[in-house]
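Participant:
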Amino acid sequence: MAHLNVKPDPAYLKYQSMQKVRHKYFRWTPRTARITFIYVAVIPSIMGYIAYKTDGLWDFRAKRKGDLIYEK
Numbered sequence: 005m006a007h008l009n010v011k012p013d014p015a016y017l018k019y020q021s022m023q024k025v026r027h028k029y030f031r032w033t034p035r036t037a038r039i040t041f042i043y044v045a046v047i048p049s050i051m052g053y054i055a056y057k058t059d060g061l062w063d064f065r066a067k068r069k070g071d072l073i074y075e076k
């Protein structure tokens, strides 16, 4: 019963179809390889290093007023 009263924008429809088949046109270039390496290896390594170095430094459980959360 409820029909579309306004014709969809052709540019939006073209953009939508381009997004659906984007994976078919992906190509490994030095730029995409560098970005992928950063997101897959560098950032998780940095986060892991930070987590390893700060493990056990803070204790948030059962602290009273005036107690420090720093446990080193």
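Counted the way our numbering counts, the sequence shown spans residues 5 to 76.
All C-beta atoms in this analysis are idealised placements derived from N, C-alpha and C, irrespective of residue type, glycine included.
Pull up the distance between the alpha-carbon of residue 74 and that of residue 62, whole angstroms please.
Facilitator: Each residue's Cα considered, the two are about 5 Å apart.
Participant: On the DSSP bridge list, what partners appear for residue 74?
Facilitator: Per DSSP, 62.
Participant: Considering just the uninterrupted stretch of the alpha helix (DSSP H) at residue 38, what are its terminal residues?
Facilitator: Note, residue 38: alpha helix (DSSP H), 34-41.
Participant: From which residue to which residue does the alpha helix (DSSP H) around residue 45 run?
Facilitator: First-last for residue 45: undefined, no H or E at that position.
Participant: First and last residue of the alpha helix (DSSP H) that includes residue 29?
Facilitator: Premise fails: residue 29 is in no alpha helix (DSSP H) and is neither H nor E.
Participant: Can you give me the C-alpha to C-alpha distance between residue 39 and residue 69, rounded to a whole angstrom?
Facilitator: Near 46 Å, if we compare the C-alpha coordinates of residue 69 and residue 39.
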